[in-house]
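Below you'll find the structure, written out as structure tokens, and then a few comments.
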Amino acid sequence: MNNKDLIFISHAAPENNEFASWLASRLKAAGYSVWVELQRLETGDRFWPEIESAIRTRAIKFVTVVAKPAAMKYGYRRELSMADAVDRESPGFILPIRVDEIPLSEVPAEVHDKHIHDFSEGWHRGLAALVKRLEKDGVPRAVDTEHAASNWSTIQLDDQQRAIAAEETLLSNWLIVENAPAGIRLHQFDGEPISDRAFKGEWPSRVVGKTVITFAKATDFAVRKHYSGTVSSSELLLDSFLASRCLELPTLSAQDRRAILVDILRQGWERCMTLRGLHAYELASKRLVWYLPWNLSAGKQLTFSDATGKSGRRALNGESVKLSSRWHFAVSPNVLIKPNLRFGLNYTAVFTKDGIEPLDDKAKAHRFRRSFCKNWWQDRWRDMLSAYLTFIKGSEPALTVHLSPDRRLQFQPQLLSFVAPISALEPVRANQLPDELVDSLSGDETDFDDEPALDWQDGSNTQGDTVESSI
Numbered sequence: 002m003n004n005k006d007l008i009f010i011s012h013a014a015p016e017n018n019e020f021a022s023w024l025a026s027r028l029k030a031a032g033y034s035v036w037v038e039l040q041r042l043e044t045g046d047r048f049w050p051e052i053e054s055a056i057r058t059r060a061i062k063f064v065t066v067v068a069k070p071a072a073m074k075y076g077y078r079r080e081l082s083m084a085d086a087v088d089r090e091s092p093g094f095i096l097p098i099r100v101d102e103i104p105l106s107e108v109p110a111e112v113h114d115k116h117i118h119d120f121s122e123g124w125h126r127g128l129a130a131l132v133k134r135l136e137k138d139g140v141p142r143a144v145d146t147e148h149a150a151s152n153w154s155t156i157q158l159d160d161q162q163r164a165i166a167a168e169e170t171l172l173s174n175w176l177i178v179e180n181a182p183a184g185i186r187l188h189q190f191d192g193e194p195i196s197d198r199a200f201k202g203e204w205p206s207r208v209v210g211k212t213v214i215t216f217a218k219a220t221d222f223a224v225r226k227h228y229s230g231t232v233s234s235s236e237l238l239l240d241s242f243l244a245s246r247c248l249e250l251p252t253l254s255a256q257d258r259r260a261i262l263v264d265i266l267r268q269g270w271e272r273c274m275t276l277r278g279l280h281a282y283e284l285a286s287k288r289l290v291w292y293l294p295w296n297l298s299a300g301k302q303l304t305f306s307d308a309t310g311k312s313g314r315r316a317l318n319g320e321s322v323k324l325s326s327r328w329h330f331a332v333s334p335n336v337l338i339k340p341n342l343r344f345g346l347n348y349t350a351v352f353t354k355d356g357i358e359p360l361d362d363k364a365k366a367h368r369f370r371r372s373f374c375k376n377w378w379q380d381r382w383r384d385m386l387s388a389y390l391t392f393i394k395g396s397e398p399a400l401t402v403h404l405s406p407d408r409r410l411q412f413q414p415q416l417l418s419f420v421a422p423i424s425a426l427e428p429v430r431a432n433q434l435p436d437e438l439v440d441s442l443s444g445d446e447t448d449f450d451d452e453p454a455l456d457w458q459d460g461s462n463t464q465g466d467t468v469e470s471s472i
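Residues in the sequence shown are numbered consecutively from 2, following this note's numbering.
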């Protein structure tokens, strides 16, 4: 009968004491029995026989912290040598983890051929992977499952993620409309039925029966010349158009009219993106996302400054050698009318073969997004959204979307920000890699999560599209 249940943590002391202590406390909270020298031995103990006994007779796993200081430590190398002897008889006994960018040439020979769990880009991410491995290998827990699960929920909030008493500016994905037309126009045609598509092709509009709902004048539409009969025009205040009852449009409910206004405003955004040279890609939800084709930036870093005062540079497209494709940051507007008019800018990534046309295979494009973008941290998505907004504003201080020759939407210069009375420290990400290197290491087609994508529009599961949002 195997009575081994101990996880032995080997590290360089005192250089890696902080990490070893953190890891031990998290594993204990998850229900495991843990040995770590800084907690188990008193100064002056004759500790080597005790350590050897723990490694050879009690430990079921030997977690070795591979770091630059450890390579030169006699005690660390001696523990690893003992563990190597056990590992030869019980493969998988040694579980190496990395906490810094130690060169391969300095990694101990005993772990060269083993998978090293990477904690260098975030301790919690590494911890989750380590616990998953322990569960897979059937390492017993010292407490009941219910208690361990309760403890596990608490260890996710380490000292670096607890609230601190300091204000923090938070950036949303909302772009507020500062100025909008006060009224909307109705043009009623007498004569043959009219084409909704023909009018939309010129200015944002919707056709209901023989009535064109738009912000443009009737004379703004060249297509009007192709229809016989007369036209009568009127104008409604937007408040009246959105009221519970509208005498001018008796067949339309308030919900219908609100949906029509949202559609017209979205058409205005899409027309603006087209004029700026962006291309559209249709999601499974039939929404369009807009991306920069390769010729507009060709993978170059674009400058930006956001509402928090941060300035920087981010690329909005790039190349993946592994996937033999180009990626493009893409945005879809979600028009929100209440309590104030604003556009929620949701984002995703689109993949093309030539920098222009999206991949035809939507399932393949979905796999690419899941694998290639999984190492993009939230700050990268946020910065790309700010760089995208800077690009579409062009030389203007704020984005303007024309709804007709004489009416437009004027947006605030920056995304809406909030000030929170408390904040949290950013998670540790030692030696953060540049975007280009992250991308070069990402994108294996078989390297993607199994969970289904969540459709941002209605919360249902889709087979193909993932759109991020941040509020």
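For each residue, glycine too, the CB sits at the ideal point set by N, CA and C.
Note that the structure is a prediction, hence the values are computed from the model and not measured.
Cβ pair residue i, residue j closer than 8 Å
i	j	result
Pro422	Glu168	yes
Ile56	Met73	no
Leu416	Ser387	yes
Ala21	Ile10	yes
Ala285	Lys363	yes
Leu81	Pro50	no
Gly300	Ala316	yes
Phe216	Arg408	yes
Cβ-Cβ separation, residue j to residue i (assumed contact under 8 Å), whole Å
i	j	result
Leu475	Thr220	There is no way to answer for residue 475, as the model of the chain reaches only from 2 to 472.
Ile214	Arg207	5 Å
Gln268	Pro334	Contact flag wrong, Cβ pair sits at about 10 Å.
Val336	Phe344	6 Å
Val87	Pro97	Wrong, their Cβ atoms sit about 14 Å apart, outside the cutoff.
Ala331	Tyr292	4 Å
Ala399	Gln413	6 Å
His118	Leu131	5 Å
Buried or exposed by the 16-neighbour rule on C-beta atoms within 10 Å, applied to residue i
i	result
Arg327	buried
Ser233	exposed
Asn296	exposed
Ala68	buried
Tyr348	buried
Val290	buried
Ala150	Since pLDDT at Ala150 reaches only 49, below the 50 mark, its modelled position is unreliable, and the value read off the structure follows with that caveat. Burial call: exposed.
His116	exposed
Pro1	Since the first residue of the chain shown is 2 and the last is 472, residue 1 is not available in this structure.
Lys1	Nothing can be reported for residue 1: it is not among the residues displayed for the chain, which extend from 2 to 472.
Tyr75	exposed
Lys137	exposed
Ile357	exposed
Ala255	exposed
Glu446	Residue confidence for Glu446 is low, a pLDDT of 48 falling below 50, so the modelled location carries little weight; the figure read from the coordinates is stated next. Answer is exposed; the Cβ neighbour count stays below 16.
Gly319	buried
Residue i - DSSP class collapsed to helix/strand/coil
i	result
Tyr389	helix
Pro97	strand
Met2	Model confidence at Met2 stands at a pLDDT of 49, short of 50, so the residue's coordinates are unreliable; what they give is reported in the following sentence. Met2: coil per DSSP, three-state reduction.
Leu417	coil
Asp119	strand
Val224	helix
Thr58	helix
Gly184	strand
Leu400	coil
Arg142	coil
Asn18	helix
Val108	coil
Glu169	strand
Ser91	coil
Ile10	strand
Ser405	strand
Contact with chain C by residue i, beta-carbon distance below 8 Å
i	result
Leu81	Any reference to chain C falls outside this structure, which holds one protein chain only.
**Study point:** Runs of alpha helix (DSSP H) wholly within the segment 310-382 (minimum 4 residues, chain order)
**Key:** The segment 310-382 contains these whole alpha helix (DSSP H) runs: 363-373.
Review point. In chain order, which continuous runs of the alpha helix (DSSP H) of length 4 or greater are located wholly inside the segment 261-318?
Key: Runs found: 295-298.
Exercise for review: For the segment 196-251, list the alpha helix (DSSP H) runs that are entirely contained and at least 4 residues long, ordered along the chain.
Suggested key: DSSP runs (the alpha helix (DSSP H)) wholly in the segment 196-251: 197-201 and 239-242.
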